[in-house]
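Participant:
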Amino acid sequence: MNYFLKPITAIVFIVFIITSFPLYGDEVYTKEILIEGAEVFVKNNQDISDQPKIALVLSGGGARGLVHLGAIEVLEKNNIRIDLIVGTSIGSVIGGLYASGYTCNEITQILKSVNWDDIYRDSAQRTTLFPSQIDKRDRYLISVRFNGLSPYIPSSFTPGQKILTFLSEQLLKARYQVYNDFDDLKISFRAVATDLVSGKQIIMKNGNLAEAINASLAVPLLFSAIEKDSMLLVDGGLLSNLPVQAALDEGAQKTIAVDATSRLREKDDVLVPWKLVDQATTIMSANSTTID
Numbered sequence: 018m019n020y021f022l023k024p025i026t027a028i029v030f031i032v033f034i035i036t037s038f039p040l041y042g043d044e045v046y047t048k049e050i051l052i053e054g055a056e057v058f059v060k061n062n063q064d065i066s067d068q069p070k071i072a073l074v075l076s077g078g079g080a081r082g083l084v085h086l087g088a089i090e091v092l093e094k095n096n097i098r099i100d101l102i103v104g105t106s107i108g109s110v111i112g113g114l115y116a117s118g119y120t121c122n123e124i125t126q127i128l129k130s131v132n133w134d135d136i137y138r139d140s141a142q143r144t145t146l147f148p149s150q151i152d153k154r155d156r157y158l159i160s161v162r163f164n165g166l167s168p169y170i171p172s173s174f175t176p177g178q179k180i181l182t183f184l185s186e187q188l189l190k191a192r193y194q195v196y197n198d199f200d201d202l203k204i205s206f207r208a209v210a211t212d213l214v215s216g217k218q219i220i221m222k223n224g225n226l227a228e229a230i231n232a233s234l235a236v237p238l239l240f241s242a243i244e245k246d247s248m249l250l251v252d253g254g255l256l257s258n259l260p261v262q263a264a265l266d267e268g269a270q271k272t273i274a275v276d277a278t279s280r281l282r283e284k285d286d287v288l289v290p291w292k293l294v295d296q297a298t299t300i301m302s303a304n305s306t307t308i309d
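Numbered continuously in the numbering used here, the sequence shown closes out at residue 309.
1) Give the secondary structure of LYS292 by DSSP, where H, G and I count as helix, E and B as strand, and everything else as coil.
2) Kindly identify the DSSP beta-bridge partner or partners of GLY104.
3) Taking the C-alpha atoms as reference points, what is the distance between PRO237 and VAL251?
4) Between PHE199 and LYS222, is the Cβ-Cβ spacing less than 9 angstroms?
5) In terms of alpha-carbon separation, which member of ILE71, ARG81, ILE107 lies closest to ARG280?
6) Please list the terminal residues of the continuous alpha helix (DSSP H) segment that includes GLN262.
7) Below 8 angstroms, can you find three or more Cβ-Cβ pairs linking the region 123-131 to the region 226-236?
8) By the three-class DSSP mapping on this structure, what secondary structure does ASN223 have?
9) In terms of alpha-carbon separation, which member of ILE97, GLY79, LEU249 lies closest to PRO69?
10) For LEU83, count neighbouring C-beta atoms within 10 Å of its own C-beta (all shown protein chains included) and say buried if the count is 16 or more, exposed if not.
11) Would TYR119 be called buried (16 or more neighbouring beta carbons within 10 Å of its own) or exposed?
12) Under 7 angstroms Cβ to Cβ from SER76, same chain only, skipping five residues before and after it: list those, please.
13) The beta strand (DSSP E) spanning THR272 covers which residue range?
14) May I ask you to list the residues that DSSP assigns as paired with ASP285?
15) Using the three-state DSSP reduction, which class does VAL84 fall into: helix, strand or coil?
16) Considering Cα atoms alone, identify which of LYS217, GLY216, GLY224 is closest to ILE185.
17) Compare the Cα-Cα distances from ILE204 to each of TYR193, ALA116, LYS190, ASN197 and report the closest residue.
18) What span of residues does the alpha helix (DSSP H) with LYS129 cover, start to end?
Right under this line is the structure:
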């Protein structure tokens, strides 16, 4: 099943409040862009300057993440220059691909081509098994693996290797490559994850780009946590599904934040394990989707 086929229609509504003289220090420049399926906010870190550093912040949101591309297209049409992209979860996927030189249309085609059921599947597909294996597997409601005499309880439904392979393949074909850090890309990029050991937000700015995005995308229980140094990294949306503060910490003077947080699924649509985990993560992320 393909979760990225719904058309995205961009509807733009822009409001300007221009920063005044220092006497009116509480007034800030803001711009609001409403896009069908998402909200876009702009926040200042300081007064307007001739060339402010503008960051685009892309939230998590699962299947709804494609609305990020609609927001980017609106910015392109309005000639709004982006100096930095900060993304979490699906926002880091789209942000990382765009920062690497892919166009919005190319990213759409890439995401449409992915078999997401296969990405989320941890075991061999039924069609790849021998008839005897299918018959044997179908006799049991559940199967349990053992480590010696003790039952083996996996830390996740899938190790996430397939998504890492997918990201690596796409980024190797990108127009811009990382040599020293993520500032080498067409647009500087940061992937945001959560460290399960310290409970802190981690902003990744160098290293392997595919691994950084994979860590930002690692929904707990659905994907295995990514080990990096002494950390166990998972989806950045656990702490901040719209990491505006991370962009400000990276020196942004203005941030354009796109919120694509998923709506809750209906009861009949949470019976599949990965959808159940996605529902729980959506509820947790809803509390972390704020403009600081």
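We put the beta carbon where it would ideally sit given N, CA and C, even for glycine.
Facilitator: Reading it off the structure:
1) Three-state result, LYS292: helix.
2) LEU75, ALA208
3) 6 angstroms
4) yes
5) ARG81
6) 261-266
7) Flag = no, the region 123-131 and the region 226-236 do not touch.
8) Here ASN223 sits in strand by DSSP.
9) ILE97
10) It counts as buried.
11) buried
12) THR105, GLY108, ASN258, LEU259, VAL275, ASP276, ALA277, THR278, THR306
13) 271-276
14) Bridge partners of ASP285: none, in fact.
15) helix
16) What sits at residue 185 in the sequence shown is Ser, not Ile. Among LYS217, GLY216, GLY224, the Cα nearest to that of SER185 is on GLY224.
17) ALA116
18) For LYS129, the uninterrupted alpha helix (DSSP H) segment begins and ends at 121-130.
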